[in-house]
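Sequence order for the protein chains is A and B.
Going letter by letter, the first sequence gives residues 1 to 362 in our numbering.
Going letter by letter, the second sequence gives residues 1001 to 1144 in our numbering.
Glycine included, each C-beta is placed from N, C-alpha and C at the ideal position.
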Amino acid sequence: MGKATIIPFGPQHPVLPEPLHLDLVVEDEKVIEAVPQIGFIHRGLEKLTETRDYNQFIYIAERICGICAVGHSLGYAETVEGLMGLEVPKRASYLRVILHEMSRIHSHMLWMGLAADAFGFESLFMHCWRLRERVLDLFEAMTGGRVILSAVRVGGMVRDQDAATLAHVQEVLEGIKDEYHEICRAFLNDSSVRSRLVGVGVIEHDDAVNLGMVGPFARASNVVNDVRCKEAGAYAELSDFTPITSTDCDCYARVEVRAKEILQSIDIIEEMIARIPEGPVFEKPKGSPADGAMACGALEQPRGECYYYAQGNGTKYLQRMRMRTPTSMNLAGMAAALKGCDLADVNMIVLTIDPCISCTER
Amino acid sequence: MGSFKLGKMTLKSLFTKPSTVLYPFEEKPQPAGIKGHIENDITACTLCGTCSRVCPAGALIVDRKAGTWSIDHFRCVQCKSCVLNCPVPCLTMAPGYQKPAREISRETLQKPAPSPEELAAKEAAKKAKIEAAMKAKAAREAAK
Ligand code: SF4
Ligand code: SF4
């Protein structure tokens, strides 16, 4: 039995994509405890509701996180629409789902690239990001932006998409699919990749439920937890939606769940494009949220369930805006997964929760 | 199972063009409708100030008295709400990103002083409006 040592890890560390600090209690290269600490990039964005009106705040909401920009603007818009009792045109909610699922594809591809980088597979990392670039090109053609789109506004969408653009989206996603299958094979069947992932960072189903884990991290422990099943907005009109889960509960399962979710998202987008109704995409909101009115909403972000709460005060400024992000729910699970792992696997396990600290701290 | 699952793709990329471009010597084509930067047709602008009120970043300053409209391109976050809310509309988002600069500066546009013809036209329009209102008033009184 060796002596326990504490190794500080992060917030600046070459393998960490996010400013997260971990105190790793290590004994003979085994981590016996990990104490996470956050709080390095708090920006006070929720407070800004006091100086930006509800139409302006959407541009702040989408800057909470670059990767889930569409998700945050969508979650905020839906919550404020609920606050004001505003009905969004059908076509707009279809377009929202299309953009949101596209952002899930680009987020998961980014994550898969980072994961490949974490286990030292550089060329796989580059191919993932090369494919992701095509999704960003699609965003650029559809909305004029690549990462921060400013495409959603309270009451609908900024821009309508014509049939030619939607057909182009479908065509590009079909093209991505073929190459993506090859990448998936490398992730799921390559023996060197498997040797880094299988059996690492296991969280059993019951522990996952007790720790309140969300998103792909929870689904990899066979917890059926997907807000899209709630069938809000255009998700209600999907012919069939079954969340992707796995029973393996390890890092490999988390890669597998995300890999399959990309294909599922492509299917959702194709179905949405095939069934999108005609009509307007914007309904101008009238007046301001009533004094004391409260609304909440939940949304399945690429990283898991994100919960929004808004309160009005009779003016065009919101009284309170609050969100609970997926990573804050998953940090406890991450600390549990790190217990007992090898020091060399720490970065892999931290990555498999897909941490987004800038969302968490806002 | 097995290794070298990515072999085919890796070999193929040996014989294809690189996916990246050599910026700034080469640039990617920008699609139509890209959010490049804000441009204002100052001759059409009425200096109403709506754009500066809706701008979430505080990038726009409209000075009615001095007849100027100015934008800080470094503050602008390309959200397009000024373009969507301009009543004229004289604002557009033109393609082409702003070039990097050494100093933060504002771009100020001065509304040109109206030409004599324009002034005369404006005066005539105002007169016509007053006359129409007087006529309507007279008609209303006659109806009473
Ligand atoms: S809203 Fe349009 S017309 Fe009014 S000041 Fe701005 S640019 Fe000029
Ligand atoms: S695009 Fe947005 S940030 Fe830029 S000037 Fe217009 S309103 Fe302001």
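Round the Cβ separation of residue i and residue j to the nearest angstrom and send it over; I've been treating them as touching at under 8 angstroms.
| i | j | result |
| --- | --- | --- |
| A92 (chain A) | M157 (chain A) | 5 angstroms |
| A115 (chain A) | L188 (chain A) | Not confirmed; about 12 angstroms, so no contact. |
| N55 (chain A) | V154 (chain A) | 6 angstroms |
| Q170 (chain A) | E270 (chain A) | 6 angstroms |
| E29 (chain A) | L343 (chain A) | 5 angstroms |
| A337 (chain A) | G201 (chain A) | 4 angstroms |
| S103 (chain A) | P355 (chain A) | The pair is not a contact, with the Cβ atoms about 17 angstroms apart (cut-off 8 angstroms). |
| I357 (chain A) | I38 (chain A) | 6 angstroms |
| S1003 (chain B) | S192 (chain A) | 5 angstroms |
With a threshold of 6 angstroms on Cβ separation, who are the neighbours of residue i within its own chain once the five nearest residues in sequence on each side are excluded?
| i | result |
| --- | --- |
| E1107 (chain B) | I1071 |
| I67 (chain A) | S107 |
| M213 (chain A) | N330 and G333 |
| L1060 (chain B) | C1051, S1052 and I1071 |
| S328 (chain A) | T360 |
| A218 (chain A) | A208 and N225 |
| Y309 (chain A) | C296 and R322 |
Would you decide whether residue i is buried or exposed? Buried here means 16 or more other CB atoms lie within 10 Å of its CB.
| i | result |
| --- | --- |
| R63 (chain A) | buried |
| P8 (chain A) | exposed |
| N330 (chain A) | buried |
| E101 (chain A) | buried |
| A1101 (chain B) | exposed |
| G297 (chain A) | buried |
| N1040 (chain B) | buried |
| L74 (chain A) | buried |
| V346 (chain A) | buried |
| G85 (chain A) | exposed |
| T1016 (chain B) | exposed |
| K284 (chain A) | exposed |
| P1116 (chain B) | exposed |
| I1130 (chain B) | exposed |
| F121 (chain A) | buried |
Would you list the one or two residues that DSSP bridges to residue i?
| i | result |
| --- | --- |
| Y1097 (chain B) | The partner list for Y1097 (chain B) (beta bridge, DSSP) is empty, contrary to what the question assumes. |
| V152 (chain A) | A:M157 |
| T363 (chain A) | The structure shown does not extend to residue 363 (chain A), since chain A spans only 1 to 362, so no value can be given for it. |
| T1092 (chain B) | B:E1039 |
| V1062 (chain B) | B:W1069 |
| C306 (chain A) | A:L299 |
| R322 (chain A) | A:Y309 |
| D137 (chain A) | The partner list for D137 (chain A) (beta bridge, DSSP) is empty, contrary to what the question assumes. |
| P89 (chain A) | BP columns for P89 (chain A) are empty, so no partner. |
| Q1110 (chain B) | B:T1068 |
| D342 (chain A) | A:K30 |
| M294 (chain A) | A:Q311 |
| Q37 (chain A) | A:H21 |
| Q282 (chain A) | The sequence shown places Phe at residue 282 (chain A), not Gln. In the DSSP output, where bridge partners are listed per residue, F282 (chain A) has A:G156. |
Can you find the residues in the same chain that come closer than 8 angstroms, C-beta to C-beta, to residue i, ignoring five residues on each side of it along the sequence?
| i | result |
| --- | --- |
| I183 (chain A) | M112, L124, H127, C128 and L131 |
| L197 (chain A) | F119, D250, C251, Y252, V255 and M348 |
| P1112 (chain B) | I1042 and T1043 |
| I1104 (chain B) | D1072 and F1074 |
| V281 (chain A) | P89, R91, A92, L95, G156, M157, R159 and D160 |
| I148 (chain A) | E62, R63, G66 and A69 |
| E140 (chain A) | R146 |
| V223 (chain A) | H205, A208, V209, M213 and T245 |
Among the candidates the options, whose CA atom is the shortest distance from the CA of residue i?
| i | options | result |
| --- | --- | --- |
| C340 (chain A) | A:E27, A:H21, A:L20 and A:T5 | Rather than Cys, the amino acid found at residue 340 (chain A) in this sequence is Gly. Considering only alpha carbons, the answer is A:E27. |
| K1099 (chain B) | B:E1141, B:Y1023 and B:L1109 | B:Y1023 |
| I244 (chain A) | A:G215, A:T325 and A:A234 | A:G215 |
| Q311 (chain A) | A:A290, A:I32, A:L48 and A:A77 | A:A290 |
| L95 (chain A) | A:R275, A:R320 and A:L331 | A:R275 |
| L318 (chain A) | A:Y180, A:F57 and A:E78 | A:F57 |
| S239 (chain A) | A:D345, A:D248, A:R228 and A:Q161 | A:R228 |
| L24 (chain A) | A:L16, A:I262, A:E33 and A:A344 | A:E33 |
| P19 (chain A) | A:P302, A:L173, A:I41 and A:E87 | A:I41 |
| R322 (chain A) | A:P11, A:G44 and A:D53 | A:G44 |
| C306 (chain A) | A:G10, A:D342, A:I273 and A:N225 | A:N225 |
| K1028 (chain B) | B:A1120, B:Y1097, B:R1053 and B:A1125 | B:Y1097 |
| A220 (chain A) | A:G201, A:A234 and A:T247 | A:T247 |
| D267 (chain A) | A:I105, A:P280 and A:A4 | A:I105 |
| T5 (chain A) | A:L48, A:Q12 and A:V31 | A:V31 |
| A234 (chain A) | A:I60, A:V80 and A:L99 | A:L99 |
| A232 (chain A) | A:V193, A:F121, A:G175 and A:T79 | A:T79 |
| L166 (chain A) | A:T143, A:V35 and A:K47 | A:T143 |
| C1076 (chain B) | B:M1093, B:A1066 and B:A1057 | B:A1057 |
| V135 (chain A) | A:H205, A:E174 and A:T242 | A:E174 |
| K1005 (chain B) | A:S288, A:R194 and A:H205 | A:R194 |
| N313 (chain A) | A:M294, A:E278 and A:F241 | A:M294 |
Less than 7 angstroms between C-beta atoms, sequence neighbours within five positions excluded: which residues of the same chain meet that for residue i?
| i | result |
| --- | --- |
| P1087 (chain B) | C1048 and T1050 |
| V1054 (chain B) | S1081, C1082 and N1085 |
| Q1078 (chain B) | K1035 |
| D117 (chain A) | F125 |
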